[in-house]
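Residue numbers (our numbering), protein chains in the order written: chain Z, 1 to 247; chain R, 1 to 314.
Report on one structure; see the data block that follows.
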Ligand SMILES: Nc1ncnc2c1ncn2[C@@H]1O[C@H](COP(=O)(O)OP(=O)(O)O)[C@@H](O)[C@H]1O
Ligand SMILES: [Mg+2]
């Protein structure tokens with residue numbers, strides 16, 4: 001028979017976004033609340049001075065969260081329901097499965113993204129070209145976090161372990177790193193540590209595009225190269241090494 | 001005729017002892033094949049290897065000439081499985097579960113929906129079609145899982161302990177459905193209910209401690225065991241002298257003597273003369289299982305080679 005890839009992608013979206021949202025609408029509140037709550041705190045503490053950075057930070061966190069949720073969701077379906085075993089022993093395409101799951105995370109994040117994008121328009125008002133740059137940076141952030149998330153999911157064997165990882169990664173990569181505030185706030189020896197996190201590069205790009213951070217052209221190009229290169233390398237590594245079937 | 005063939009199939013999980021050891025057999029890949037064995041015998045391991053989920057450590061296997069390792073993609077076009085530990089996704093209904101499983105297999109939405117509804121009706125699950133899985137009883141959940149794979153176009157279906165947890169009546173219902181479906185599909189199921197194997201299986205395969213102990217039709221396996229008769233005495237009876245056979249005492253103290261026909265009648269005669277209470281009957285599948293697996297765990301049994309049993313040769 002002819003097998004429809006779009007159907008396979010849609011199946012992942014139905015299971016992981018549409019049906020799930022219908023039954024646990026409270027999860028939606030979570031995905032909206034966590035980037036917004038940081039934003040509000042930063043705005044209050046800085047008396048409004050850092051609102052632009054805080055909105056950008058919210059967007060980055062939301063993208064990063066997508067990857068971590070993907071990790072949790074794929075692990076949950078695989079370990080607790082044995083869904084992946086059922087799909088391995090079937091003509092389901094692993095790529096279509098994962099693409100659909102990744103898309104479902106974006107769909108889940110749409111309400112948060114919508115609010116943040118509106119705030120962006122109101123407080124930062126980027127031009128068309130800047131908007132494209134911001135979108136591209138966020139897309140690279142999404143790819144990076146999705147691949148990291150998927151890699152962890154294929155390695156995890158129980159759900160507790162995978163939740164522990166996603167919490168740890170989210171804290172390290174979005175709360176501590178200069179995502180919600182400019183990197184120049186970090187005193188020097190520690191600033192180098194921040195560059196270990198992919199979110200730092202995306203934040204630098206977004207902050208400089210929005211004009212809240214002054215970076216040389218060379219530094220911005222370097223940031224693009226690093227995050228773009230990282231996303232590409234991770235995609236290759238994951239597509240080569242992800243475990244679909246058991247060894 | 002289409003065949004399932006395994007050749008010295010072995011599996012060792014990360015350095016531990018062998019879960020499967022040199023399993024070689026061939027059987028028709030039609031009707032129902034029931035794989036029986038105790039917990040830990042290696043049933044799930046064998047199923048997962050055949051269903052392309054798990055790589056064997058050594059050996060090979062093929063179904064209808066398609067190699068399970070080298071041609072896994074080709075085989076996946078034709079197979080479906082309900083793993084032993086599969087659970088219905090709690091936030092979905094049986095209809096949504098079946099629909100999305102079919103879509104993952106590549107069916108268009110409308111065709112998937114139609115097939116899902118048909119399959120649920122066939123398993124008498126239509127009244128639960130739109131109830132959340134987490135609100136269903138354990139047995140209904142297992143049936144809903146079966147409905148997912150049975151809705152598909154797959155003609156080779158693996159069910160790992162499909163009736164565990166079903167009540168006796170639901171189990172019988174389920175057998176009816178499996179018999180019906182096996183008319184144009186190959187169903188490979190595992191079970192530890194011997195009655196189920198006896199009722200359903202066109203082919204029976206017995207695993208003990210990772211080794212294949214027997215394979216064939218139920219009558220052919222019955223014909224191959226050493227002791228065909230069972231003499232049973234109530235608890236507390238004096239044990240008669242047994243020249244040839246095996247004496248065991250059950251949990252409730254009942255004494256069982258497994259033996260051959262001549263010896264069984266000789267013992268019966270002596271017991272009758274002595275006025276003791278006893279019964280005599282041909283061995284049940286339970287007894288057969290004990291004879292096969294009880295011995296195999298002590299490593300006395302030889303692994304049947306393909307062709308050892310007429311009709312099941314490669
Ligand atoms: N993933 C695994 N890792 C290590 N050992 C395993 C794994 N799965 C099964 N085993 C071991 O392999 C043997 C066979 O198990 P299994 O195939 O599940 O048997 P059954 O399905 O007949 O109960 C058991 O001793 C079990 O402990
Ligand atoms: Mg098992």
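The beta carbon of each residue, even a glycine, is placed where N, CA and C say it ideally should be.
Simplified DSSP state of residue i, which is helix, strand or coil
{"i": "residue 281 (chain R)", "result": "strand"}
{"i": "residue 189 (chain R)", "result": "strand"}
{"i": "residue 33 (chain Z)", "result": "helix"}
{"i": "residue 118 (chain R)", "result": "helix"}
{"i": "residue 19 (chain R)", "result": "strand"}
{"i": "residue 107 (chain R)", "result": "coil"}
{"i": "residue 301 (chain R)", "result": "Unreliable placement is indicated for residue 301 (chain R), whose pLDDT of 35 sits below 50; the coordinate value is still reported in the next sentence. DSSP places residue 301 (chain R) in coil when its eight states are reduced to three."}
{"i": "residue 31 (chain R)", "result": "strand"}
{"i": "residue 147 (chain R)", "result": "helix"}
{"i": "residue 61 (chain R)", "result": "strand"}
{"i": "residue 244 (chain R)", "result": "coil"}
{"i": "residue 314 (chain R)", "result": "Residue confidence for residue 314 (chain R) is low, a pLDDT of 30 falling below 50, so the modelled location carries little weight; the figure read from the coordinates is stated next. Coil at residue 314 (chain R), not helix or strand."}
{"i": "residue 222 (chain Z)", "result": "helix"}
{"i": "residue 229 (chain R)", "result": "strand"}
Residue i at chain R interface by Cβ criterion, 8 angstroms
{"i": "residue 301 (chain Z)", "result": "Chain Z is shown from 1 up to 247; residue 301 (chain Z) falls before or after that span and cannot be answered."}
{"i": "residue 243 (chain Z)", "result": "no"}
{"i": "residue 192 (chain Z)", "result": "no"}
{"i": "residue 20 (chain Z)", "result": "yes"}
{"i": "residue 286 (chain Z)", "result": "Since the first residue of chain Z shown is 1 and the last is 247, residue 286 (chain Z) is not available in this structure."}
{"i": "residue 53 (chain Z)", "result": "no"}
{"i": "residue 34 (chain Z)", "result": "no"}
{"i": "residue 156 (chain Z)", "result": "no"}
{"i": "residue 208 (chain Z)", "result": "no"}
Any chain Z beta carbon closer than 8 angstroms to residue i
{"i": "residue 128 (chain R)", "result": "no"}
{"i": "residue 3 (chain R)", "result": "no"}
{"i": "residue 87 (chain R)", "result": "yes"}
{"i": "residue 313 (chain R)", "result": "Note that residue 313 (chain R) scores 32 on pLDDT, short of 50, meaning its location in the model is unreliable; the coordinates nonetheless yield the value given after this. No, no contact with chain Z."}
{"i": "residue 8 (chain R)", "result": "no"}
{"i": "residue 158 (chain R)", "result": "yes"}
{"i": "residue 103 (chain R)", "result": "yes"}
{"i": "residue 302 (chain R)", "result": "In this prediction, residue 302 (chain R) has a pLDDT of 36, which is less than 50 and means its spatial position is unreliable; what the coordinates show is noted afterwards. False, the Cβ-Cβ gap to chain Z never drops below 8 angstroms."}
{"i": "residue 18 (chain R)", "result": "no"}
{"i": "residue 83 (chain R)", "result": "yes"}
{"i": "residue 25 (chain R)", "result": "no"}
{"i": "residue 96 (chain R)", "result": "yes"}
Distance CB(residue i)-CB(residue j) smaller than 8 angstroms
{"i": "residue 67 (chain Z)", "j": "residue 149 (chain Z)", "result": "yes"}
{"i": "residue 63 (chain R)", "j": "residue 89 (chain Z)", "result": "no"}
{"i": "residue 71 (chain Z)", "j": "residue 153 (chain Z)", "result": "yes"}
{"i": "residue 129 (chain R)", "j": "residue 95 (chain R)", "result": "yes"}
{"i": "residue 20 (chain R)", "j": "residue 210 (chain R)", "result": "yes"}
{"i": "residue 120 (chain R)", "j": "residue 126 (chain R)", "result": "yes"}
{"i": "residue 257 (chain R)", "j": "residue 275 (chain R)", "result": "no"}
{"i": "residue 180 (chain Z)", "j": "residue 38 (chain Z)", "result": "yes"}
{"i": "residue 46 (chain R)", "j": "residue 26 (chain R)", "result": "no"}
{"i": "residue 96 (chain Z)", "j": "residue 9 (chain Z)", "result": "yes"}
{"i": "residue 32 (chain Z)", "j": "residue 111 (chain Z)", "result": "yes"}
{"i": "residue 112 (chain R)", "j": "residue 99 (chain R)", "result": "yes"}
{"i": "residue 115 (chain Z)", "j": "residue 28 (chain Z)", "result": "no"}
{"i": "residue 315 (chain R)", "j": "residue 146 (chain R)", "result": "The requested residue 315 (chain R) does not occur in the structure, where chain R is confined to residues 1 to 314."}
{"i": "residue 32 (chain R)", "j": "residue 182 (chain R)", "result": "yes"}
{"i": "residue 212 (chain R)", "j": "residue 30 (chain R)", "result": "no"}
{"i": "residue 202 (chain Z)", "j": "residue 106 (chain Z)", "result": "no"}
{"i": "residue 320 (chain R)", "j": "residue 229 (chain R)", "result": "There is simply no residue 320 (chain R) to check, as chain R begins at 1 and stops at 314 in what is shown."}
Contact list for residue i against chain R, beta-carbon separation under 7 angstroms
{"i": "residue 80 (chain Z)", "result": "87"}
Nearest-angstrom Cβ-Cβ length linking residue i and residue j, presumed shorter than 8 angstroms
{"i": "residue 182 (chain Z)", "j": "residue 53 (chain Z)", "result": "6 angstroms"}
{"i": "residue 16 (chain Z)", "j": "residue 73 (chain Z)", "result": "5 angstroms"}
{"i": "residue 63 (chain Z)", "j": "residue 145 (chain Z)", "result": "6 angstroms"}
{"i": "residue 285 (chain R)", "j": "residue 197 (chain R)", "result": "7 angstroms"}
{"i": "residue 200 (chain R)", "j": "residue 51 (chain R)", "result": "About 19 angstroms; that fails the 8 angstroms criterion."}
{"i": "residue 8 (chain R)", "j": "residue 58 (chain R)", "result": "7 angstroms"}
{"i": "residue 80 (chain Z)", "j": "residue 87 (chain R)", "result": "7 angstroms"}
Partners in chain Z for residue i, counting only beta-carbon separations shorter than 8 angstroms
{"i": "residue 79 (chain R)", "result": "89, 90"}
{"i": "residue 109 (chain R)", "result": "7, 10"}
Residue-level contact to chain A via CB, residue i, 8 angstroms cutoff
{"i": "residue 167 (chain Z)", "result": "Of the chains in the structure shown, none is chain A; the protein chains are Z and R."}
Cross-chain neighbours of residue i in chain Z, by beta carbon under 7 angstroms
{"i": "residue 100 (chain R)", "result": "11, 14, 15"}
{"i": "residue 76 (chain R)", "result": "89, 90, 91"}
{"i": "residue 91 (chain R)", "result": "19, 20, 23, 24"}
Partner residues on chain R for residue i, Cβ-Cβ distance less than 9 angstroms
{"i": "residue 246 (chain Z)", "result": "48, 53, 54, 55"}
{"i": "residue 8 (chain Z)", "result": "103, 104, 105, 106"}
Per-residue contacts from residue i into chain Z (C-beta, under 9 angstroms)
{"i": "residue 153 (chain R)", "result": "1"}
{"i": "residue 188 (chain R)", "result": "Ordered by position in chain Z, no residue passes the 9 angstroms Cβ test against residue 188 (chain R), which lies about 11 angstroms from the chain."}
Residues around ligand 3, please: the ones whose beta-carbon is closer than 5 angstroms to some heavy atom of it, in chain order.
Looking for ligand 3 in the displayed structure turns up nothing; the ligands present are ligand 1 and ligand 2.
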